[in-house]
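So the structure is just underneath, and the comments pick up after that.
Numbering (this note's numbering), first residue to last: -8 to 285.
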């Protein structure tokens, strides 16, 4: 998904930028996709603030976003600033020893974490005074993803520390870079599942009230521009391995855009004019249970 998501895919060992394409990374397409993705974090908290409520938005989406972007930001910061991680990466990738993470990847991650934490915090009425349903809670599957991810990462940390210790690690054995790879896989899982609860919730109540369509439009714009950049990089560089060799990356980008299409269809076609959140009260939805009591 373009240079913005390099950190996540760097963290699962996929080198997604070839040297001859570096000049194309700086193109207007790449910059505009960055702006579109960055802008996508603002509409939802603004809508919540304007309505003075989070009703209509499942807590699952911002909760999974917090998990995913914390993992993304930790991995990009380590690949950018940690001499240990950079040395381990070079040992494992002698042909291309420099990680492809750039400063704008780090800036994007930090910006994303701040905004998704802001959105998640709006579910705590003590902080904002918003109307929050007593049943507006995280679903069991999402809590399973959350705690499973935490346990998985903790397990890899334990393996690395027991096998290689804290210093003087063999980069070709278990090493701290493997912890970052695990964080990358968590981000990929989150990207796959985070839209499902909201799409299901919209379907049950036959409304998109409380769910900002603008975040979806910005996300789709960023995805389309990023895909166009990927195709241009491959075309101008005469090397299509950037696409065929990264089917997982491209597939996840397509999944994200597919969910964007689902939300656009729900908002503008299926449930158009049915924007009364009272038609399906959050209090009536027993599938949503909070991570914390408010």
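Each residue gets a CB set at the ideal place from its N, CA and C atoms; glycine is no exception.
Among the options, whose alpha-carbon lies nearest the alpha-carbon of residue i?
i: residue 106; options: 77, 225, 144, 31; result: 31
i: residue 59; options: 215, 49, 176; result: 176
i: residue 120; options: 102, 93, 39; result: 39
i: residue 256; options: 104, 193, 152, 24; result: 193
i: residue 196; options: 103, 33, 75, 263; result: 263
i: residue 178; options: 72, 247, 35, 26; result: 247
i: residue 143; options: 122, 23, 170, 35; result: 170
i: residue 72; options: 98, 83, 86; result: 98
i: residue 249; options: 182, 200, 265; result: 182
i: residue 25; options: 57, 86, 96; result: 96
i: residue 189; options: 146, 141, 258; result: 258
i: residue 70; options: 172, 251, 205, 224; result: 172
Within the continuous alpha helix (DSSP H) that includes residue i, where are the two ends?
i: residue 118; result: 116 to 119
i: residue 50; result: Element bounds for residue 50: n/a, residue is neither H nor E.
i: residue 41; result: 34 to 42
i: residue 24; result: 19 to 30
For residue i and residue j, what's the separation of their Cα atoms in angstroms?
i: residue 81; j: residue 134; result: 36 angstroms
i: residue 16; j: residue 226; result: Any reading at residue 16 must be qualified, since the residue scores a pLDDT of 49, below 50, and its modelled position is unreliable; no value is offered.
i: residue 253; j: residue 162; result: 43 angstroms
i: residue 202; j: residue 168; result: 37 angstroms
i: residue 187; j: residue 21; result: 28 angstroms
i: residue 94; j: residue 47; result: 36 angstroms
i: residue 111; j: residue 74; result: 33 angstroms
i: residue 100; j: residue 67; result: 8 angstroms
i: residue 185; j: residue 210; result: 14 angstroms
i: residue 191; j: residue 51; result: 11 angstroms
i: residue 116; j: residue 44; result: 9 angstroms
i: residue 53; j: residue 128; result: 12 angstroms
i: residue 165; j: residue 91; result: 22 angstroms
i: residue 12; j: residue 214; result: Here the model assigns residue 12 a pLDDT of 44, short of 50, so the residue's position is not dependable and the matter cannot be decided.
i: residue 130; j: residue 180; result: 16 angstroms
i: residue 222; j: residue 124; result: 45 angstroms
i: residue 103; j: residue 29; result: 7 angstroms
i: residue 79; j: residue 132; result: 35 angstroms
i: residue 207; j: residue 34; result: 9 angstroms
i: residue 8; j: residue 149; result: The predicted position of residue 8 is uncertain, since its pLDDT is 45 and thus under 50; a value taken from the coordinates is nonetheless stated next. About 32 angstroms.
i: residue -7; j: residue 27; result: For residue -7, the pLDDT reaches just 46, beneath the cut-off of 50, and the residue's location in the model is therefore unreliable, although a value from the coordinates is still provided. Distance between the alpha carbons of residue -7 and residue 27 is about 12 angstroms.
i: residue 55; j: residue 152; result: 27 angstroms
i: residue 41; j: residue 122; result: 12 angstroms
i: residue 88; j: residue 261; result: 50 angstroms
i: residue 19; j: residue 204; result: 25 angstroms
i: residue 146; j: residue 140; result: 10 angstroms
i: residue 85; j: residue 37; result: 46 angstroms
i: residue 14; j: residue 49; result: With a pLDDT of 49 at residue 14, under the threshold of 50, the modelled position of this residue cannot be trusted, and the question is left open.
i: residue 83; j: residue 154; result: 18 angstroms
i: residue 281; j: residue 224; result: Bear in mind that the predicted position of residue 281 carries a pLDDT of just 46, short of 50, making it too unreliable to give a figure here.
So residue i and residue j are in contact, right, with Cβ under 8 angstroms, and what is the actual spacing, rounded?
i: residue 174; j: residue 65; result: 6 angstroms
i: residue 244; j: residue 212; result: Their Cβ separation, rounded to whole angstroms, is 13 angstroms, which puts residue 244 and residue 212 out of contact at 8 angstroms.
i: residue 23; j: residue 241; result: That belief does not hold up - the Cβ atoms of residue 23 and residue 241 are roughly 19 angstroms apart, past 8 angstroms.
i: residue 113; j: residue 198; result: No, residue 113 and residue 198 are not in contact; Cβ-Cβ is about 20 angstroms, not under 8 angstroms.
i: residue 57; j: residue 108; result: 6 angstroms
Quick check for students: name the residue ranges of the beta strand (DSSP E) that lie wholly in the region 171 to 207, counting only runs of 3 or more. none
Complete runs of the alpha helix (DSSP H) confined to the region 72 to 114 [at least 4 residues]: 74 to 83, 94 to 112
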